[in-house]
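To keep things clear, I will list the structure first and then write my remarks on it.
Protein chains: 2
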Amino acid sequence: MPSEKVTKEEAAPKEKKTAIAHKLATKQQEISVTEFFEKNKQILGFDSRSKSLLMGIKEAVDNSLDACEEAGIPPEVSVSIERLNEEDYRIRITDNGPGIVHKMMPNVFGRLLYGSRFHALRQSRGQQGIGISATVMYGNITTGKPAHVISKIEGDDEVAWEMDIVIDTKTNRPIVTNDRAFTWEGVEHGTSIEYTIKGRYVTGKQSVFEYLKNTAIVNPHAQISFTDPDGTKTVFERATDIMPPKPKEIKPHPEGMEIGDVLKYSQNSQQKTVKAFLKNDFSRITDRLATEIVEKSKVNGEKKPEKITREDAIAILEAIKTCKIMAPPTDCLSPIGDTLIKKGLMHVLDGLRPEYYATPVTRSPKAVNGNPFVVEAGIVYGGDIPSDGQVQILRFANRVPLLYQQGACAVTKAISEMDWRRYGLEQRGGKGIPYGPAIILVHVASTKVPFTSEGKEAVASFPELQSEIGLALRLCARNLKSHLNKMERKKKTHAKFEIVQEILPDMAQKAAEHLNRPVPNLDMTITRIMNVVWVEPKVKKENKKLRTITYTVYNYTTLPRSLMLHAQLPKEAVNLSLFSHQYFVDMNEEGKVNWEIKDLEPSKSTTISFELIGDMADTFDADDIFFSGLNPAMVMGADGLPGDWGIKGMEITQTDEADFVEEEEEETVEVEDLGDE
Amino acid sequence: MPSEKVTKEEAAPKEKKTAIAHKLATKQQEISVTEFFEKNKQILGFDSRSKSLLMGIKEAVDNSLDACEEAGIPPEVSVSIERLNEEDYRIRITDNGPGIVHKMMPNVFGRLLYGSRFHALRQSRGQQGIGISATVMYGNITTGKPAHVISKIEGDDEVAWEMDIVIDTKTNRPIVTNDRAFTWEGVEHGTSIEYTIKGRYVTGKQSVFEYLKNTAIVNPHAQISFTDPDGTKTVFERATDIMPPKPKEIKPHPEGMEIGDVLKYSQNSQQKTVKAFLKNDFSRITDRLATEIVEKSKVNGEKKPEKITREDAIAILEAIKTCKIMAPPTDCLSPIGDTLIKKGLMHVLDGLRPEYYATPVTRSPKAVNGNPFVVEAGIVYGGDIPSDGQVQILRFANRVPLLYQQGACAVTKAISEMDWRRYGLEQRGGKGIPYGPAIILVHVASTKVPFTSEGKEAVASFPELQSEIGLALRLCARNLKSHLNKMERKKKTHAKFEIVQEILPDMAQKAAEHLNRPVPNLDMTITRIMNVVWVEPKVKKENKKLRTITYTVYNYTTLPRSLMLHAQLPKEAVNLSLFSHQYFVDMNEEGKVNWEIKDLEPSKSTTISFELIGDMADTFDADDIFFSGLNPAMVMGADGLPGDWGIKGMEITQTDEADFVEEEEEETVEVEDLGDE
């Protein structure tokens with residue numbers, strides 16, 4: 113009973129006289145959390161005027177997207193910034209979310225550390241219950257004006273409510289004025305917040321525009337519109353109508369628990385016995401496992417959970433360590449997925465006309481301290497992306513762009529510690545941020561992203577997390593490298609083609625003139641020199657949602673050739689044109705397609721052609737074409753069928769192999785012959 | 113009255129039925145600040161096991177140093193780490209501070225956001241009232257054990273108190289057990305905290321040892337001892353007995369105030385009128401200024417401060433903007449000072465035998481948003497400092513070393529944005545952290561250091577702050593560059609000397625042999641070729657606290673020379689040997705000394721010699737020697753007296769100037785003569 117003790121001591125005469133310690137003691141006092149954040153605004157991200165302007169919008173948009181997704185509503189969020197005078201801006205963020213019930217509105221917007229997602233173990237943008245209230249507080253501190261909040265929840269007889277909110281800094285409680293019901297014309301449900309704030313509107317890398325653009329990349333299911341202070345309106349249309357699967361809430365996983373966690377959970381448990389507590393209050397602890405843990409720990413499994421002592425907790429944790437427990441379930445996460453990352457990137461970065469979107473990588477979920485997480489990575493390369501500076505890094509956590517504190521982030525560290533020279537980018541000494549025409553995207557999704565501060569600007573460098581980021585980046589970089597290699601080979605073969613097709617006829621003609629003989633037909637000669645089967649993709653953009661893909665296959669060898677071609681198409685985008693084509697064989701449920709071309713004559717060519725239609729049409733990269741049935745050294749423009757493709761391609765026949773080696777020798781001879789003429 | 117409203121709404125039937133918004137509403141709840149930090153331990157710096165071990169010690173040592181300084185006691189802090197098993201460590205930190213009164217002990221160690229320094233506007237290490245309680249919490253969560261705290265305050269009849277403390281996470285209140293008084297043998301006053309924590313003991317750049325070593329650098333008045341888990345004890349003895357001046361608490365300065373601040377201060381004011389409020393509750397607002405502000409703002413100066421409205425606040429802030437208000441007082445700060453920075457660096461880095469300690473720079477105080485701050489910088493160069501990697505950066509804030517989050521820190525940004533190639537370090541493209549054998553120290557001291565998170569690991573990049581850091585670095589780097597230039601010149605002249613003194617006699621001898629004539633005496637010839645007055649410093653380390661400094665002056669010119677030499681000596685370190693020397697002229701109160709040498713004959717030399725004694729003896733760099741009275745182009749080994757030296761040196765006489773040009777020509781002639789012989 114410490115408080116009682118203290119009172120007793122207070123009255124004790126002997127503590128009355130000593131000087132300095134007592135003087136210091138008089139200054140000891142509690143600090144309200146609101147006062148703390150008011151004084152340390154930079155921790156919440158409100159440091160400079162330009163950053164403050166962004167932070168407020170970010171918090172509001174994050175909340176809007178979270179609410180829409182929880183309610184299963186395709187988000188429509190609009191942001192507008194109005195400039196009142198030199199430093200004062202009026203910001204409004206409106207969404208079509210489920211709305212907030214009237215009695216909750218004051219606390220949601222006017223109280224720090226108040227929210228619905230703090231204890232929930234599933235992926236969400238907001239968790240802390242700080243952001244939007246901090247925005248209201250900062251707006252009020254800098255302009256003296258309250259925030260104006262409107263919300264309407266679904267239901268025929270529901271009216272909308274509006275109110276003005278400020279936070280009482282001393283008590284961390286909302287003060288509400290002008291609270292009234294009204295009819296929000298044409299709105300079924302949604303929330304709107306309007307606040308006035310001192311800020312500075314900037315353009316460029318750390319601007320509101322950039323934040324919204326990047327939000328659109330990782331939230332292709334959301335429509336986001338933005339009206340800037342000049343009145344210019346930009347709409348980031350949704351790139352897909354498919355809503356991400358709703359993350360499910362999970363129970364805490366025993367991995368990484370501390371003694372304090374066991375004690376806390378047991379104190380709060382509704383279960384009647386320790387065994388039931390273990391089985392029902394945690395994820396992945398089965399009845400059998402609960403029995404095993406109880407037996408190993410020698411804790412009485414039938415006693416009440418609140419009777420668990422410190423020694424019990426230690427024993428339970430020791431027992432858990434020796435058990436094989438499944439990794440936490442991962443349906444609490446909502447990764448974007450490789451197709452949608454690519455789609456999102458293309459949707460937003462198309463203006464840069466990148467040469468290549470490396471196939472993004474979504475790693476399988478891992479867990480650190482019982483918190484599941486997933487890392488995704490993508491790389492965009494070439495085109496109009498500036499090539500003289502460091503690569504641009506797009507960092508995301510739970511689908512939220514991180515624009516500040518790049519240097520403090522685990523993503524930046526993972527990028528800096530990787531040797532990018534192996535993957536075709538420049539980098540001094542194989543360390544640091546690489547240079548070149550590339551944009552690197554990394555998305556970390558988790559039930560609990562370990563941010564370095566409340567401002568949620570950088571992810572802390574937990575070793576497990578950083579290593580996963582590194583792996584995702586390497587896989588993605590390998591895709592980039594194999595593209596760069598392919599392009600390099602193509603370029604070289606193109607050069608060879610040009611030389612052979614221009615110089616040989618030239619030489620033949622001159623030789624013929626000189627010897628006064630007729631110019632020979634060189635088609636077969638050229639074919640024998642080239643000695644490749646050439647696959648040339650072509651994409652015709654018929655309109656925004658229709659592509660015609662054509663592969664032309666040339667046989668520049670001396671024998672008739674048979675081969676299979678393989679590609680993975682976005683299934684939703686194929687139409688009859690695919691199935692009706694003469695070379696089409698079959699397509700599986702993943703969209704993997706096989707074509708077969710038989711006995712293509714020397715010096716002849718043929719084509720495979722089909723259409724892709726709809727939203728996903730542009731996500732197919734025509735360069736991702738594979739072949740089987742021929743020696744890889746003989747084919748240009750397509751890759752050998754990977755071993756993990758899952759579908760068996762055509763075997764390389766023995767004849768082919770022998771025949772190929774033979775031809776290699778022939779080629780050399782042929783060239784010498786010509787030179788001698 | 114929002115709460116009343118809410119209750120009414122709650123009872124209203126129409127909100128009963130709608131689905132999702134109501135479902136979401138049931139999850140809304142308050143989060144205790146302790147729960148928040150328990151879940152977001154990484155924000156407090158408790159992320160990895162090794163970092164957690166360091167963080168706890170850091171918080172305790174910071175508190176000890178703060179308390180000692182507040183009480184004017186030269187700090188003696190001891191830290192010991194005992195390893196209990198693989199992950200469990202028992203840590204104890206003991207100080208000789210003023211102690212904590214018994215009734216305050218539970219709150220100081222067992223309650224987050226509770227402290228004495230939060231509202232005080234003066235430089236201190238701790239401010240938030242979070243650190244040590246977070247350590248107690250983290251120790252308890254990871255090991256289940258309470259912290260054991262002992263404290264004794266000064267006074268003959270005082271006993272020491274000890275108690276065990278844990279934090280109740282739900283309520284953020286201390287729970288105390290085993291509270292008892294006892295006699296702490298041989299201790300007059302002091303505090304000790306012992307806690308058990310899961311951690312990992314590491315060595316290297318981010319270790320406890322490194323933290324304590326760096327703490328010793330910037331706290332040369334503190335004695336810090338450390339016992340590592342192997343039982344090895346290291347003592348960082350104090351480098352000086354001079355205590356830093358105690359920072360004074362100031363009132364808030366009107367600069368950078370927001371509307372919310374004016375309203376908050378006016379609500380809490382004890383003053384009777386607005387005018388008195390302005391004059392007495394802020395720093396630097398005089399009676400005249402208060403009148404001016406009241407008049408300009410048209411606010412009634414006689415009304416009560418709590419009657420100030422939002423409009424009044426805006427008007428007052430507008431009026432303040434138009435007034436000339438003095439910068440905030442700076443006795444609230446405690447910079448280390450250039451001499452003590454150098455002293456601290458030398459004390460700790462002597463093992464690396466650096467070639468040069470660039471004279472550190474202490475900038476004059478500035479203010480950002482009414483918070484005064486000072487930036488200090490130092491550079492150590494050469495010797496055994498590794499030369500192949502990036503320079504090492506030592507970052508400090510309010511005399512506390514910052515070991516983590518280097519990438520997020522304004523100090524790193526300022527260093528990276530500076531072109532170090534101009535100052536003799538390698539750097540790709542003039543950006544990024546430079547390479548070379550250097551250690552760069554930056555200390556930021558402020559009444560409120562804007563840390564990026566509660567873990568206090570990096571300083572946020574406020575533009576004003578970053579630019580001051582840049583300026584301090586540039587000034588210090590200029591010292592480094594001028595040293596490097598001087599060394600380069602010395603090296604070249606040394607080379608010239610060697611050539612002239614070896615080759616000329618050689619040539620003369622051969623020529624003499626060839627012509628069968630006697631070898632000529634070349635002394636004067638060499639003198640004429642060199643044509644410099646050479647000042648050569650030499651330092652003899654008699655013992656740890658005694659140095660003999662000798663300057664030898666050679667006249668390698670053809671005429672007798674007179675000159676003055678000047679140096680700034682650490683005044684405390686000079687003794688009679690200085691004043692009794694024949695060339696000594698005078699010394700001012702800053703320790704600036706003048707010597708005068710008259711008519712030194714050609715080819716002759718003379719010496720100035722004196723002793724430096726005591727603690728400060730080693731802070732004098734003998735290379736920092738200046739001259740006057742001669743044409744700068746004629747002197748090697750000393751620099752021309754700087755214009756801002758403050759003391760007038762000897763004028764360069766007209767004869768000297770003319771005579772110098774003449775000699776230049778003579779030199780050339782002489783060399784040709786020799787060649788012809």
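Chains as they are written, first to last, in my numbering: chain W, 113 to 789; chain A, 113 to 789. Note that CB positions come from ideal geometry on N, CA and C, so glycine has one too.
query: I want to see whether chain A comes within less than 8 Å of W:I212, judged by CB atoms only; does it?; result: yes
query: My parser needs the alpha helix (DSSP H) runs of 4 or more residues fully inside the segment 159–211 of chain A; what are they?; result: 161–182
query: Using a Cβ-Cβ cut-off of less than 7 Å, list which residues of the segment 492–520 of chain A approach chain W; keep chain order.; result: Q517, G519 and A520
query: What residue from W:T639, W:E188 and W:E723 has the CA that sits closest to W:K683's CA?; result: W:E723
query: Alpha carbon to alpha carbon, how far is W:V248 from W:E171? Give it in angstroms, no decimals.; result: 11 Å
query: Here's the rule I'm using: 16 or more other beta-carbon atoms within 10 Å means buried, otherwise exposed. How should W:N219 be labelled?; result: buried
query: A:D462 touches chain W at which residues, Cβ-Cβ below 9 Å?; result: Those within 9 Å of A:D462 in chain W number zero; the least Cβ separation is about 31 Å.
query: Going by C-alpha to C-alpha distance, which of W:R350, W:V320, W:I309 and W:I420 sits closest to W:E199?; result: W:I309
query: Cβ of A:V645 less than 8 Å from any chain W Cβ?; result: no
query: If I follow the unbroken beta strand (DSSP E) through W:N380, where does it start and stop?; result: Careful: W:N380 lies outside any beta strand (DSSP E), inside the alpha helix (DSSP H) at I371 to N380.
query: For A:K414, which residues from the same chain have a beta carbon less than 8 Å from its beta carbon, with the 5 sequence-adjacent residues on both sides left out?; result: Before going on, a small fix: residue 414 of chain A reads as Glu here, not Lys. Only T385, V386 and K387 meet the Cβ criterion.
query: Which residue comes first and which comes last in the alpha helix (DSSP H) that contains A:R422?; result: R422 to T434
query: Thinking C-alpha only, which one of A:V347, A:A607 and A:E708 is nearest A:Y695?; result: A:E708
query: Given this structure, state the Cα-to-Cα distance separating A:I132 from A:E569, to the nearest angstrom.; result: 42 Å
query: Does the separation of the CB atoms of A:A479 and A:E367 fall below 8 Å?; result: yes
query: Starting from the Cα of W:S573, find the closest Cα among A:Q141, A:K163 and A:I143 and give me that residue.; result: A:K163
query: Strictly under 8 Å for the Cβ-Cβ distance: is A:S228 near chain W by that measure?; result: yes
query: Looking at chain A, is there any beta carbon in it that lies within less than 8 Å of the beta carbon of W:D159?; result: yes
query: Would W:K139 count as contacting chain A if we go by Cβ distances under 8 Å?; result: yes
query: Distance cutoff 8 Å, beta carbons only. Does A:G372 sit that close to anything in chain W?; result: yes
query: Can you give me, in chain order, the residues of the segment 178–202 of chain A that have a beta carbon less than 7 Å from any beta carbon in chain W?; result: E182 and A183
query: I'd like to confirm the pairing. Which residues does DSSP put opposite W:G490 in its beta bridges?; result: W:L553
query: Quick test of your reading: A:K264 and A:G302, contact by CB under 8 Å. State the CB separation rounded to the nearest angstrom.; result: 6 Å
query: For a contact meaning CB atoms closer than 7 Å, what does W:P562 contact in chain A?; result: Q154 and D159
query: Using DSSP with H/G/I as helix, E/B as strand and the rest coil, what is W:V330?; result: helix
query: Return no unless some Cβ of chain W is closer than 8 Å to the Cβ of A:L577.; result: no
query: Got a sec? Which residues, its chain only, sit under 7 Å from W:I737 by beta carbon, not counting five neighbours each side?; result: V647, P649, Y663, L677, A679 and A750
query: Assign W:K310 to one of three DSSP states: helix, strand, or coil.; result: strand
query: If contacts are defined as beta-carbon pairs under 8 Å, then A:L225 and W:E142 qualify, I think. What distance do you get, rounded to the angstrom?; result: 6 Å
query: Drop a sphere of 10 angstroms on the beta-carbon of A:L324, count the other beta-carbons inside from all chains shown, and report buried for 16 or more, exposed for fewer.; result: buried
query: Does DSSP put A:Q140 in a helix, a strand or coil?; result: coil
query: If we count Cβ pairs, one from each stretch, closer than 8 Å, do we get three or more for the segment 558–568 of chain A versus the segment 596–615 of chain A?; result: no
query: Are A:P332 and A:R350 close, meaning C-beta to C-beta below 8 Å?; result: yes
query: Tell me where the beta strand (DSSP E) around A:S721 begins and ends.; result: S717 to I725
query: In the DSSP assignment, the beta strand (DSSP E) including A:L506 goes from what residue to what residue?; result: Q504 to A509
query: Terminal residues of the continuous beta strand (DSSP E) containing W:N219?; result: Premise fails: W:N219 lies in the alpha helix (DSSP H), M217 to G222, not in any beta strand (DSSP E).
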